[in-house]
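K.L.:
Using numbering that gives the first Met the number 0, read the sequence shown as starting at 0 and increasing by one per residue. By construction, the Cβ of each residue, glycine as well, lies at the ideal position given by its N, Cα and C atoms.
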Amino acid sequence: MPATLLIFPHQLFLEHPGLDRCDAAMLVEDGLFFGDHRLQAAMHRQKLWLHRASMKRYEHQLIDRGIDVRYLDHEDGVDMVDVAVSGLAGSDRAVVAGDPHDYLLERRLRRAAERHGLDLQFVRTPMFINTSQQNRDYRDGKKRWFMADFYKHQRRRLDVLMDGDEPVGGQWSFDADNRKKVPKKMLGAIPDLPTGMHDDTDEAARLHVQDRYPVNPGSIERFVYPTSHEAAATWLDEFLRQRFELFGVYEDAMVRGENWLWHGVLTPMLNVGLLTPRQVLDAALEHAQENDVPLNSLEGFVRQVIGWREFMRATYDDHGVEMRTSNHWGHERAMPASFYDATTGIDPLDDIIGRVLETGYCHHIERLMLLGGFMFLCEIHPDAIYRWFMELFVDSYDWVMVPNVYSMSQHADGGLITTKPYFSGSSYVRKMSNHPAGEWADIWDGLYWRWIWNHVDELGKNPRWAMMCAMARKMDPAKRAEHLEVASAFLGRM
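(1) From residue 472 to residue 452, what distance separates their C-alpha atoms?
(2) Relative to the alpha-carbon of residue 360, which residue among 213, 263, 343 and 166 has its alpha-carbon at the smallest distance?
(3) Could you give the DSSP three-state label for residue 165: helix, strand or coil?
(4) Please report the Cβ distance between residue 253 and residue 432, rounded to the nearest whole angstrom; I am assuming they are in contact, meaning their Cβ atoms lie under 8 Å.
(5) Count the CB pairs spanning the region 223-233 and the region 311-326 that are closer than 8 Å, and state whether there are at least three.
(6) I'd like the span of the beta strand (DSSP E) that includes residue 3, first residue to last.
(7) Using the three-state DSSP reduction, which class does residue 178 fall into: helix, strand or coil?
(8) Between residue 310 and residue 246, how many whole angstroms is the CB-CB distance? I'm expecting something under 8 Å.
(9) Using CA atoms only, rank isn't needed, just tell me which of 19, 45, 1 and 8 is closest to residue 357.
(10) Using a threshold of 8 Å, state whether the C-beta atoms of residue 103 and residue 189 are closer than that.
(11) Tell me the start and end of each unbroken alpha helix (DSSP H) in the region 22-84 that is at least 4 residues and wholly inside, in chain order.
(12) Give the range of the beta strand (DSSP E) segment to which residue 120 is assigned.
(13) Run through DSSP, which three-state label would residue 264 get?
(14) Taking residue 482 as the reference, which of 441, 142, 87 and 317 has the closest Cα?
(15) Apart from the five residues just before and just after residue 214, which ones in its own chain have a Cβ nearer than 8 Å to its Cβ?
(16) Out of curiosity, what's the CA-to-CA distance linking residue 417 and residue 410?
(17) Please classify residue 62 as buried or exposed, where buried requires at least 16 other C-beta atoms within 10 Å of its C-beta.
(18) Would you report the Cα separation of residue 66 and residue 60, rounded to the nearest angstrom?
(19) Of all the options 382, 135, 153 and 376, which has the alpha carbon lying nearest to the alpha carbon of residue 425?
(20) If you count every other CB in all the chains shown that lies within 10 Å of the CB of residue 290, and 16 or more means buried, which is it?
(21) Under 8 Å, do residue 43 and residue 216 count as touching if we go by C-beta distance?
(22) Label residue 486 either buried or exposed according to how many other C-beta atoms from any shown protein chain fall within 10 Å of its C-beta, with 16 as the threshold for buried.
(23) Give every residue of the same chain whose Cβ lies closer than 7 Å to the Cβ of residue 100, excluding the five residues on either side of it in the sequence, and list them in chain order.
(24) So what does DSSP say about residue 379, is it helix, strand or coil?
(25) Does the pairing of the region 66-86 with the region 24-34 give three or more beta-carbon distances under 8 Å?
(26) For residue 297, tell me which candidate among 160, 346 and 30 has the shortest Cα-Cα distance.
(27) Who are residue 390's beta bridge partners in DSSP?
(28) Look up residue 332 in the DSSP assignment and say whether it is helix, strand or coil.
(29) If I follow the unbroken beta strand (DSSP E) through residue 97, where does it start and stop?
(30) Going by Cα to Cα distance, which pick from 15, 155 and 404 is closest to residue 137?
(31) Could you tell me whether the Cβ atoms of residue 193 and residue 122 are closer together than 8 Å?
(32) Which residues does DSSP list as the beta-bridge partners of residue 257?
(33) Name the two residues that bound the continuous alpha helix (DSSP H) containing residue 579.
(34) Look at the alpha carbon of residue 279 and the alpha carbon of residue 235, and state the distance between them as a whole number of angstroms.
(35) For the alpha helix (DSSP H) containing residue 453, list its first residue and its last residue.
(36) Which value, in whole angstroms, describes the spacing of the CA atoms of residue 429 and residue 401?
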């Protein structure tokens, strides 16, 4: 039976497995990726540019391979999935799609195919190393499962950094070695990202985004991310050669005005298929074998690829609906406009948000402990936080943002995959960054203690928070009143 492959913006694999069974393809700019009128989501223009440029390149690649290609431009308020599927109604063609890894997109595809009487087939893609069945086999019989155990399982199953049945170096994680602040003498040695990989296709995409999405957040004055498979591979290689060695030791560090540090910044390309996790893993292991890469950098990087990334996808499959419909702590505040224009008055936060507006990116600690942690202390509704991250981050997709927002940063699920809520006072920010103390720190600490006092009975039952809850109970009444006054004043004008 002839078949048409539907390709979405996050499925631009160099070797798409669906092409083996299809003689035609449709590239679909769906609203989930370009702006959904139902959710009133306005995507960052760096993300829109990345999608548009990479999809137009992919279109030309398929044409050069002799494949019949149709390109569907995003239309606001139009269900582009239905447009794509309905265009095949009445034909003898099957509809093929890569596993969407998106609950809503999969449901819409199934409903559209059923509505128009078409056979729909899903194929596995290289988006993840694990298959769904491998994840199911691992969690079979487990009431709860956590990242640390999953990661050990992954190392053994994939035989990565193993010495027989034991981890290379004698321990599974070197995370304790990866929490250093960038010293002043290193500030001038932070490497630049690769440049010069953009061309007329990128410029045409930039002009398209500028014309079609003039009021969306984010800057597109300068191109940041590669939009071809070749450029993405070069980007990966330059990370391994220039930044991999120090990735581990400064993995959690933050520097005012610096977005990239020694991070790989690979997720924008990984999450659309310009790179694959297997490609990244193999390249990192090969480079480390041939070069003197510290084990803490290698292990920390491997943990991100085969541990956290695969774990987020697996927990999304298991708990995604439960996570996104939970609000364990009852947070109800709306997202203030100041979080969209970097005018919160909290210096470290405004620095990060400003960089996010420019690039659509910041690293994982800035997302979890600063952005997510501060929003948690402000008691902003988890749905508003999810939308904020989905809109402003170039690498945001449902499978990764649902568990990262609702579970990791907001603990809205009550602890399905975590053992405690993740939030901190200002001391953590100052310890891991070069942000000087100031009024922002007083506000942060006021919110921190206010939240603990409001939830001290439940939070105190968690062994990892018991000491801070005991300190809160014993705090001098005058100091407590001062913290509460500062916190209330900030929330009142937020």
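P.N.:
To lay it out plainly:
(1) Translated into the one-based positions of the sequence shown, residue 472 becomes position 473. Translated into the one-based positions of the sequence shown, residue 452 becomes position 453. The alpha-carbon atoms of residue 472 and residue 452 are separated by roughly 8 Å.
(2) For the purposes of this step, residue 360 is taken as residue 361 along the sequence shown, with counting starting at 1. Looking at the Cα atoms, 263 is the closest of the given residues.
(3) Counting from 1 along the sequence shown, the entry for residue 165 is found at position 166. Reduced to three states, the DSSP call for residue 165 is strand.
(4) Along the sequence shown, read from residue 1 onward, the residue named residue 253 stands at position 254. Along the sequence shown, read from residue 1 onward, the residue named residue 432 stands at position 433. About 4 Å separates the two Cβ atoms, so the contact holds.
(5) no
(6) The count along the sequence shown starts at 1 and reaches residue 3 at position 4. Here the beta strand (DSSP E) through residue 3 covers 2-6.
(7) Locating residue 178 in the sequence shown gives position 179, where the first residue counts as 1. It is coil, neither helix nor strand.
(8) As a position in the sequence shown, residue 310 is number 311, starting the count at 1. As a position in the sequence shown, residue 246 is number 247, starting the count at 1. Actually they do not touch by this definition, with Cβ atoms about 20 Å apart.
(9) Translated into the one-based positions of the sequence shown, residue 357 becomes position 358. Ranking 19, 45, 1 and 8 by Cα distance to residue 357 puts 45 first.
(10) Taking the sequence shown and counting its residues from 1, one reaches residue 103 at position 104. Taking the sequence shown and counting its residues from 1, one reaches residue 189 at position 190. Taking 8 Å as the Cβ cut-off, residue 103 and residue 189 do not qualify as a contacting pair.
(11) The region 22-84 contains these whole alpha helix (DSSP H) runs: 30-33 and 44-63.
(12) In the sequence shown, the residue the question calls residue 120 occupies position 121. Here the beta strand (DSSP E) through residue 120 covers 119-122.
(13) Here residue 264 refers to the residue found at position 265 of the sequence shown. Coil.
(14) Indexing the sequence shown from 1 puts residue 482 at position 483. Comparing Cα positions, the closest option is 441.
(15) As a first step, residue 214 is located in the sequence shown; it is residue number 215 there, counting from the start. Contacts found: 41.
(16) Sequence index remark: in the sequence shown, residue 417 carries index 418 (1-based). Sequence index remark: in the sequence shown, residue 410 carries index 411 (1-based). Between residue 417 and residue 410, the C-alpha separation is close to 8 Å.
(17) In the sequence shown, residue 62 corresponds to position 63, counting from 1. Flag for residue 62 reads exposed.
(18) Against the sequence shown, residue 66 aligns to sequence position 67. Against the sequence shown, residue 60 aligns to sequence position 61. Each residue's Cα considered, the two are about 9 Å apart.
(19) Locating residue 425 in the sequence shown gives position 426, counting from the first residue. For the residues 382, 135, 153 and 376, the minimum Cα distance to residue 425 belongs to 376.
(20) Translated into the one-based positions of the sequence shown, residue 290 becomes position 291. Exposed, by the Cβ-count rule.
(21) If you number the sequence shown from 1, residue 43 lands on position 44. If you number the sequence shown from 1, residue 216 lands on position 217. Result yes, Cβ atoms of residue 43 and residue 216 sit closer than 8 Å.
(22) Translated into positions along the sequence shown, residue 486 becomes position 487. Answer is buried; the Cβ neighbour count reaches 16.
(23) In the sequence shown, residue 100 corresponds to position 101, counting from 1. Once the five neighbours on either side are set aside, the close Cβ partners of residue 100 are 126, 312 and 398.
(24) Locating residue 379 in the sequence shown gives position 380, where the first residue counts as 1. Strand.
(25) When Cβ pairs closer than 8 Å are counted between the two stretches, the region 66-86 is seen to touch the region 24-34, the count reaching three or more.
(26) Against the sequence shown, residue 297 aligns to sequence position 298. The residue with the shortest Cα to Cα distance from residue 297 is 160.
(27) Within the sequence shown, residue 390 is the residue found at index 391, counting from 1. Its beta-bridge partners do not exist; DSSP assigns none.
(28) On the sequence shown, residue 332 is found 333 positions in, with the first residue counted as 1. Three-state result, residue 332: strand.
(29) Within the sequence shown, residue 97 is the residue found at index 98, counting from 1. Residue 97 -> beta strand (DSSP E) spans 93-97.
(30) The residue you call residue 137 lines up with position 138 of the sequence shown. If we check each option's Cα against that of residue 137, 155 comes out closest.
(31) By 1-based counting over the sequence shown, the position of residue 193 is 194. By 1-based counting over the sequence shown, the position of residue 122 is 123. Taking 8 Å as the Cβ cut-off, residue 193 and residue 122 do not qualify as a contacting pair.
(32) Within the sequence shown, residue 257 is the residue found at index 258, counting from 1. Answer by DSSP bridge pairing, in chain order: 254.
(33) This structure cannot settle anything about residue 579, because the visible part of the chain is limited to 0 through 493.
(34) Position 280 of the sequence shown, counted from the first residue, corresponds to residue 279. Position 236 of the sequence shown, counted from the first residue, corresponds to residue 235. Between residue 279 and residue 235, the C-alpha separation is close to 7 Å.
(35) Translated into positions along the sequence shown, residue 453 becomes position 454. Counting along the chain, the alpha helix (DSSP H) containing residue 453 begins and ends at 438-453.
(36) Indexing the sequence shown from 1 puts residue 429 at position 430. Indexing the sequence shown from 1 puts residue 401 at position 402. In a straight line, the C-alpha of residue 429 is about 29 Å away from that of residue 401.
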